[in-house]
């Protein structure tokens, strides 16, 4: 994503949720678009540019229809502490989660296409908790 768009968001003080609500999208999807992991449509990019007070023409020339995201890039294992903890969660619980999914859904896969991700804060006496909800589409595999 253009550093101009990211720095403009920081200067406005707007949250991803505020921007998302103004363009009718989910806050995690909007954040993903800001970090180059999703792609705004031209209309969405125009709206975001106007919200951030930056040149629509510049945003479209940098991030218009000719630009495509590079999803999932970064070092492995991740070095950022938050991203590493997500990665660690999959490493530790991945097989158990997979087994439970197969018990409940059969022999299928999950798809990030149309995936919905929510982040919430839950107060706890030991310290606030992060609630992550991933809603994947489920596809049953059929073998003939």
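In full-length UniProt numbering, the protein residues as written are 1 to 144.
In this text, a Cβ means the ideal position worked out from N, Cα and C, and glycines have one as well.
query                                                                                         : result
Straight-line Cα distance separating residue 26 from residue 99                               : 29 Å
Residue 69 CB to nearest heavy atom of the ligand MG below 7 Å                                : With respect to small molecules bound, the structure shown includes none, and the ligand MG cannot be examined in it.
Cα-Cα separation, residue 88 to residue 57                                                    : 41 Å
Segment limits, beta strand (DSSP E) that includes residue 111                                : 108-122
First and last residue of the uninterrupted alpha helix (DSSP H) at residue 21                : 16-23
Start and end residues, alpha helix (DSSP H) containing residue 49                            : 42-52
Rounded Cβ spacing between residue 23 and residue 5 (contact assumed at less than 8 Å)        : The pair is not a contact, with the Cβ atoms about 13 Å apart (cut-off 8 Å).
First through last residue of the alpha helix (DSSP H) which encompasses residue 81           : 81-105
Same chain, Cβ closer than 7 Å to residue 69, neighbours up to 5 away in sequence not counted : 36, 37, 38, 39
Cross-strand partners of residue 135 (DSSP beta bridge)                                       : 116
Contact set for residue 144: own chain, Cβ-Cβ below 8 Å, skip 5 residues either direction     : Residue confidence is low: residue 144 scores 46 on pLDDT, short of 50, so the model does not pin down where it sits. Its coordinate-derived value is still stated next. Correct list: empty, nothing qualifies.
Residue 32 to residue 126 span [Cα, whole Å]                                                  : 30 Å
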